[in-house]
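Below is one structure, written out as structure tokens; the observations come after it.
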Amino acid sequence: MKHFLLLILLISATEVLSQDAEAILQKVDRNLSSENRIFESAMLIHGRRNDRTVTSRTYSVGNKKSFTEYLTPPREQGTKMLKLESQLWIYSPSTDRIIQISGHMLRQSVMGSDLSYVDMMDDRKLTDVYSAIYAGDEIFDDRKVHVLELTAKVTDAAYYKRKMWIDRERFVPLKEELYAKSGQLLKRTTLSEVKQIGGRWFPTKIVFKDMLKEGEGTEFRMSNIKFNQKIPDYIFSKAALKK
Amino acid sequence: MIAFKLAYRNLIGAGLRTWLNVTVLSFAYVVIIFHQGLIDGWHRQGLLDLKAWEVGGGHLWHPAYNRYDPITFQDSHRNIDDKLIKKFNEGQIAPVLVVQASAYPDGRLISVILKGIAPRQEIVSIPTRYLADNNAVNAVIGTRMAKLMKVKEGDNILIRWRDKNGVFDATEVHIIKIFKCDVPSVDNGQIWLSLENLQKMTGLVNEATYFILSESYNEGKTDEWKFIPPSYLTRELDEIIRSKRGGGMIMQGILLIIALLAIFDTQVLSIFRRQREIGTYIALGMTRPQVIGIFTVEGAAHSVFAALAGAVYGIPLFIYLAKYGISFGFGDMGLTLADTLYPYYSLELIFWTVLIVVLAATIVSYLPARRIAKMKPTEALKGKLQ
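Residue numbers (the working numbering), protein chains in the order written: chain F, -8 to 234; chain S, 25 to 410.
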């Protein structure tokens, strides 16, 4: 009888923790997701010989549409990237051609960074893709954090498992680990310089590190972030790539 | 007959001049036969290697599969039906599943193609028997791939791929065997795993991208799979050989022209210096065409002597090369090309080479001899320039 009660208690506790984890994840989604956003970014790519910075301006609507124009360095200036649903096109001014990125090319890195096109495209809400389990509290980077373990509940999630360290006060992930189905750690992301923008907390610096590859990773800094703006529809068209 | 006797005597009498012409022309013979034999040998070896390592008796491809376009790999696989399973059990086909992946040897990222193949197949020479243990993820790779990844037998490498739903997965594979073959298309950028393992890893259970057919398979295409004949799979090598043959013909043509120019020059000189002899032949009752014939045969006889001279040093050389082969030390050029090439000299090659050279020598001997027809016998007897 005692064991039975203990079991009931344990199941209930797990249920409660699981509900808590889902609630935490929803709060994270509220901070990170928006109807639309416009931001400028600087991507610092650490190469073998030297480092380089690529700056760009991005317009995005939900997780379906996104348009990025690269501003510097001069070699990349004018390159534009358009994502509509699961399709991606790139315009290169040097060739004056639009090419569609598909298949294995989506797994290639973006401008030599630790981000693949797939990483850039898969930005669905976490609650839509993963179910979460609460794994405890920790201190990370002098902040109290919840640790959540996420497992894909849909079959087409790029990463089957994720582990997230979420700021307990601001509900923004400060660190994230992405795992393969086999449990192999594939990528690690650290998020910092969390700022309050338009009534939400948002990390403005993200460091991506491909854990299978040697190197220092890629630093991604966002600035001039604006949420829920009026973005004209023509921006998300192939015609806009050549403008 | 008199023309042949005179030609023989005159050529022997001309001494060094004749032997210089014969030597140059014999060199042309030997080089033409050697070069063509080398290319024929490469072609024969290449076709045998391709058949043994990759082509078999042809392939059955998924209709969407294009081996030159990795974008097609993602969607080109389908269930292996009972009829094909029966053929596989009879040893007539070997199923292969193709998946794109990334390998991370020592923290470097390399794009690779994972190929799952039935370990007990015996149609191609890839040492698939080493993959029989499905409890471990064992892999066999070629020497080129081993060099690229800087791995040796017994090493483990981490690979990452996406399953049928696009979910990333990664594991370490154990390099159980490194094989050496002269066919880069089964080696470059490829990691061979057991079919069952790759099917499990990707969730594509009982699916394949293509089948390698045995020589005895004769059912042609099926409704669901496209039959690819061996001629299609070897056409790359055929095209390279054709282009090499074309390039070689230019070089051989130049060499032949140099040798024929020497004969032409000798003929012009002979007719100029032997006008009295020509006049005497006509005075003795020979017709002009008969005299032209004597001079033409004399010039053409160079090519016959050259064939004999070429045979003296060419045959031992060709026999030696055919037995021990030639190693050019090219290294890996991305072509189906063995380290050591064994030239192949067919009777057809020798016959056509001799015929073409003799005909060409006859034509260049005849052209200057035509002047004889315009000569006046009286002037010729006096040795006057005409």
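By construction, the Cβ of each residue, glycine as well, lies at the ideal position given by its N, Cα and C atoms.
Would you kindly check if the distance between the Cβ of E60/F and the Cβ of R48/F is under 7 Å?
yes
Worksheet item: If you count every other CB in all the chains shown that lies within 10 Å of the CB of K172/F, and 16 or more means buried, which is it?
Response: buried
Open item on the list: Cβ closer than 8 Å: which chain S residues qualify as neighbours of E205/F?
Closed with: D130, G131, R132
Given a cut-off of 7 Å, decide if G140/S and I437/S are closer than it, judged by their beta-carbon atoms.
This structure cannot speak to residue 437/S, because chain S is shown only from 25 to 410.
- Taking Cβ-Cβ distances below 8 Å as the criterion, which residues of the region 184 to 196 of chain S are in contact with chain F? R184, R186, D187, N189, G190, V191, F192, D193, A194, T195
Report task. Would you give the residue range spanned by the beta strand (DSSP E) that A33/F belongs to? Result -> 27 to 37
### Task
Say whether the region 121 to 139 of chain S touches the region 272 to 279 of chain S, bearing in mind that this needs 3 or more beta-carbon pairs closer than 8 Å, one atom from each stretch.
no
**Chain-ordered chain S contacts of S173/F [CB-CB under 8 Å]** = D193, A194, T195
| When the Cα atoms are used, what is the spatial distance from K204/F to K111/S? | 43 Å
Which runs of the alpha helix (DSSP H) at least 4 residues long sit entirely within the region 98 to 155 of chain S? Give them in chain order.
106 to 113
Short of 7 Å Cβ to Cβ, which residues in the region 149 to 182 of chain S face chain F? L182
* May I ask you to report which of helix, strand or coil DSSP gives M155/F? => strand
query = For A127/S, which residues from the same chain have a beta carbon less than 6 Å from its beta carbon, with the 5 sequence-adjacent residues on both sides left out?
reply = I134, V136, I181, I183
Item checked: Residue span of the beta strand (DSSP E) that contains M72/F, given as start and end -> 71 to 75
- Task: Report the rounded CA-to-CA distance for S327/S versus L371/S, giving the unit in angstroms.
- Result: 18 Å
query: So does the region 69 to 82 of chain S actually touch the region 199 to 219 of chain S, counting three or more Cβ pairs closer than 8 Å?
result: yes
*asked:* Run through the DSSP bridge pairs and tell me what Q91/F is partnered with.
replied: W80/F
Any idea if T152/S is buried or exposed, counting beta-carbon neighbours within 10 angstroms, 16 or more meaning buried? buried
* To do: Under 8 Å by Cβ, that's how I've got L35/S and E322/S pegged, so tell me the actual separation to the nearest angstrom.
  => 6 Å
- Item | Sequence-distant residues of its chain with Cβ nearer than 8 Å to Q220/F (five each side left out) | N27, R28, I29
_If we define contact as Cβ-Cβ less than 7 Å, is A123/F a contact residue for chain S?_
no
Practice task
Alpha carbon to alpha carbon, how far is P392/S from V292/S? Give it in angstroms, no decimals.
Solution key: 6 Å
Between the CA atoms of M173/S and L165/F - distance to the nearest angstrom:
35 Å
- Task: With distances taken Cα to Cα, identify the nearest neighbour of Y17/S among N242/S, Q124/S, Y305/S.
- Result: Residue 17/S falls outside the range modelled here, since chain S spans only 25 to 410, and no answer is possible.
Extent of the continuous beta strand (DSSP E) run through K204/S: No beta strand (DSSP E) contains K204/S, which DSSP labels as neither H nor E.
request  = Flag this pair as yes or no: are the beta carbons of A149/F and L139/F separated by less than 7 Å?
outcome  = no
Please report the distance separating the alpha-carbon of A362/S from that of G115/S. 28 Å
Does Q223/S come out as helix, strand or coil in the three-state DSSP assignment?
helix
Measuring only between beta-carbons, confirm whether A149/F sits less than 7 Å from chain S. yes
Kindly indicate which three-state DSSP category S47/F falls into: helix, strand or coil? strand
The beta strand (DSSP E) spanning E322/F covers which residue range? The structure shown does not extend to residue 322/F, since chain F is modelled only from -8 through 234, so no value can be given for it.
Which of helix, strand or coil does DSSP assign to I222/F? coil
**OP:** Please confirm whether K116/F and D20/F have their CB atoms less than 7 Å apart.
**Re:** yes
Original post:
What separation, rounded to the nearest whole angstrom, lies between the Cα atoms of F342/S and T377/S?
Top reply: 15 Å
Check: Out of F51/S, W216/S, P254/S, G227/S, which has the shortest C-alpha to C-alpha gap to T146/F?
Finding: G227/S
- request: Could you give the DSSP three-state label for Q214/S: helix, strand or coil?
  value: strand
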